[in-house]
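Protein chains in written order, with the working numbering: chain A, -12 to 576; chain B, 98 to 166; chain C, 4 to 503.
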């Protein structure tokens, strides 16, 4: 029996007490809750615990094994640093949302059954959207809506999959899935959070538009929880492995085209997640270890990148590469940590990315056709190039117009700590290997061929960049992605509903009400019908509209219910018709 | 700045190619791994391919910033 | 065997109180409100006692005037009745508490009559639920309807007309119901539900009985506002005063659903509704369109109250879908949803009432800054919105869970799709409002100044008598959700009609 509480509850309950604190006390409280979670994690024993009976099913809130622990640890650690980074944030609502978000991610990680997983999954979606909305700009509000829409869609697919799974297998336990309709829906549900193509567009759409501190949180939890669930249920699935390769390349190509710094690293999330699930898709011990190791490392440098770019935006107010430059001397800490992160993400030796990328590549080699390995290596090239682009154009390119200072101390400390961790793991990978899912890690990171190979890759690719700088420079544009299809289609559908369909309704209603009036006339004085019908046709039209408009009298611009209101006779007619048809059906039987 | 970077990169390029010939190798897992400077080749070709790709995509995917509004 | 007097007390107390209030009002006006609350509390007490009795002892029979059935009127209470009874009485109490501010401010001179009508309405609803006699049900149906028409007509501009429309439509519905009762009486000579269910199976081939069923279903569907017979609902509920809508919206339609279940699965055996005539199929398709129609039309609304009225139509669709699926999971979902939806709608309309009371317009675009002026009310709104969308642990999720399971069991994939699509549509609807309330940058010129005299107590937040019921409803939504398992195992699974 587990003695300690599922960490999810600590965060979720903690969220509700945040409004009670102010100022320094609040900052200490936030850090304290997270520290408490870390302690709690270290006390969790492996096994299944916290089983609650509900609706005839077993809800398992604490399914603890090496996989979930590994991910929970990194979540808690990086969460602590993210909170440190965001200490200066005054908006209580945003901090509550962040806690709910962190708590529910931990809840997903430790769920042993689909129902509790789904509950936490939905809370995650709902809490995270506030991190985008708190930016309060029109673009952010709209993007938050699209984000919410897509995530609830994903949630519905997941629910469908879960319910189908229950009806076919009767069990709610989270375990590897076989091919069937239910797994397809579940895959879509998990896949949307993991940003599989083509369900990925919410990520580059919404992450750049969140608040400075909010985006840091966002980048940590949603996608990585998705990766965790894929590791649990779809490990060893070939589709996942190939999708990983596709995502790696897709992300990188789009990243190279971007102008907004946070959008660039958002696309990189897609690329890095591709690496993770390529490893998981391979399914071997090395593969899963590699995927999880990459997840851990990625969390470190990706968060660092979001923090650095967030700092840049915070101090300069600008987020476009075309408008940035020359910050190296003005924001040295940010610049250096960004460089550390860039080297880590590219996989330079001495930094943590080198280790995990190597593991993933090695595992892919064992099992799959060479095409996948080629894709991943190709993506590496692109990663390196895009980070040269990012670092150069943000910090080194000449720009006279910008003046900026370094960020507040808490943000600096957070960034420096993560940078140090990246270097630490890069130099001494045993630290990382200690917590990976499969305990025996038979991998040597610093083989000379790998080391040399990476150096060769970088130097030659770098040369191409330098000589062809013009191609890689940023431009003032946006790049269309798959969401073009959704947004245009939905706009068209909305127009269809508002315009033509409403018109159709109005026409049907008008003709129905005309027929009712006709019947009324008929019943009043049948003998004079021929005369009256001639008159009737003439004044019918104006009379009807003015009669309707004189009711109520409220005129609104877009939807005037008085125009669309049905006269009572229509309702009665419908009732009688309905009865009539109902009766007919019976008599036919 | 650019000059220094260029010189540094050329230095590394030469060093690593040389190292590729000298250093010990893992047994080549696949056919092409046995070429000593395979990674360099991948680096160059990859970068070039990427250049072509992004130029190509940019021509028909890039729009003004207020495209959706 | 008259084991307990509660079934009759639960009717008699509010009925007599309704008339006593008029007397009391003549003597001393300020006593009316406390008196009404007292009698509502009494009904809650009685209904809880009945529920407790049912859980321990099973079905409760009460013979009016000690005449044995089937000649006398019998009040038969089984878990289904008791369940709905508790819902009706508790919600009436809370809404009754919350109605005071609006009454005192809008119709101070006629407040006595309002309270009287309120109690009559509650009597009618309780009577419908408690009775075991089809004609007695008609009597209470009329009492409830007439009180309802009068209550709705009190509202703003457009209300009398909407009420008039409702009256015509509702009377047609009631007449259809009466015709159904009449036909059954002709064929069987009995008005007692339990008796009818024994006598009818022999007569299923009779055309008269078939027509009677048709009349029943259409009549009840009108009362329940099932598509396409819902036309009266948006207008009536939008123009009525908010405290009236908060009472009628959750209860009238749910009681209608209860009557439908009784008739389709109680009086007429389930196999009649499923096999002899495809009533359930028709019903589920009507429900399908109700859900779509309600959600889609709600999208076009700018007025919050009207939007919630259309969402109500969609919610009724859910219940009807559950009934129409005719399998265990579907019916569990329908019954659970009766309870959940009653809570959600009561909460939502009460919130709208609180906003109107503080002078806020009902147009969504003008909600900027609302979350700072009425934070608790808006938090309750968010919780109700979560429930409507179906996000756990709010109660709406659990009824949707069962409904989808039911649809899967019946292999009706279109229904599964429509249930999930409606979640999506509801999400858009409510989050749009939430966005306006919480995040629109506050524009200086268009900021609404709430009327002065109403902002004295507790600043701008809803008045206490409205705030407490709102908070209780919001808490109930969450706790009922978490307790769904207990509720199902204690009450609902016994409330399922036989053979499910």
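Glycine residues also receive a C-beta, built at the ideal position from the N, C-alpha and C atoms. Keep in mind the model is a prediction, meaning the values are calculated, not measured.
Counting only runs that start and end inside the region 120 to 202 of chain A, there is no beta strand (DSSP E) element of at least 3 residues. For residue 36(A), the enclosing beta strand (DSSP E) begins and ends at 34 to 41. Around the CB of residue 165(A), fewer than 16 other CB atoms lie within 10 Å, so the residue is classed as exposed. Listed along chain A, the residues sitting closer than 9 Å to residue 152(B) by beta-carbon distance are 458. For a Cβ distance threshold of 8 Å, residue set 464 and 465 of chain A lies close to residue 161(B), ordered along the chain. Residue 42(C) has a beta carbon lying at 9 Å or more from every beta carbon in chain A. Residue 226(A) is positioned such that its CB atom lies no closer than 9 Å to that of residue 197(A).
Comparing alpha-carbon positions, the option among 264(A), 168(A), 145(A) and 244(A) lying closest to residue 211(A) turns out to be 264(A). In this structure, 493(C) is the residue among 269(C), 160(C), 493(C) and 370(C) with its C-alpha nearest to the C-alpha of residue 339(C).
Counting every other CB atom within 10 Å of its CB across the protein chains shown gives residue 13(A) a total of 16 or more, marking it as buried. At least one CB of chain A lies nearer than 9 Å to the CB of residue 426(C). The beta carbon of residue 79(A) sits closer than 7 Å to the beta carbons of 5 and 6 from its chain, once the five residues preceding and following it are set aside; these are given in chain order. Interface residue (Cβ-Cβ distance to chain B less than 9 Å): residue 443(A) is classified as such. Chain B places a beta carbon closer than 9 Å to that of residue 448(A), counting this residue as a contact. Going by beta carbons, residue 21(A) and residue 94(A) fall outside the 9 Å limit.
Considering only 343(C), 349(C) and 293(C), the residue with the shortest C-alpha distance to residue 327(C) is 293(C).
In chain order, 24, 27, 28, 114, 115 and 118 place their CB closer than 8 Å to the CB of residue 35(C), counting only its own chain and leaving out the 5 sequence neighbours on each side. Here residue 74(A) has 14 and 397 as same chain residues with Cβ atoms under 6 Å from its own Cβ, once five neighbours each way along the sequence are excluded. Restricted to the region 393 to 444 of chain A, the alpha helix (DSSP H) segments that are unbroken, complete and at least 4 residues in length are 396 to 414 and 417 to 420, listed in chain order. CA-CA distance, residue 97(A) to residue 381(C), rounds to 32 Å. When only Cα atoms are considered, residue 283(C) and residue 274(C) end up about 10 Å apart. A buried status is given to residue 370(A), since no fewer than 16 other beta-carbon atoms sit within 10 Å of its beta-carbon. For residue 132(C), the enclosing alpha helix (DSSP H) stretches over residues 114 to 133.
No Cβ-Cβ contact shorter than 9 Å links residue 356(C) with residue 39(C). In the DSSP assignment, the residues bridged to residue 307(A) are 247(A). Listed as beta-bridge partners of residue 44(A) by DSSP are 41(A). Of the candidates 123(A), 130(A) and 148(A), 148(A) places its Cα closest to the Cα of residue 101(A). Contact between residue 64(C) and residue 79(C) holds, since their C-beta atoms are separated by about 6 Å, short of 8 Å. A direct Cα-Cα distance of roughly 48 Å separates residue 305(A) from residue 402(C). By alpha-carbon distance to residue 177(C), the top candidate from 296(C), 200(C), 147(C) and 399(C) is 147(C).
Residue 64(C): not part of any alpha helix (DSSP H); member of the beta strand (DSSP E) spanning 63 to 66, first to last residue.
Within its own chain, the residues whose Cβ lies closer than 6 Å to the Cβ of residue 223(C), once the five positions on either side in sequence are excluded, are 259, 262 and 263, listed in chain order. The beta carbon of residue 56(C) sits no closer than 9 Å to any beta carbon of chain A.
Listed along chain B, the residues sitting closer than 8 Å to residue 243(A) by beta-carbon distance are 147 and 151. With fewer than three CB-CB distances shorter than 8 Å, the region 403 to 415 of chain A does not count as touching the region 252 to 260 of chain A. Residue pairing for residue 49(A): DSSP places it in a beta bridge opposite 36(A).
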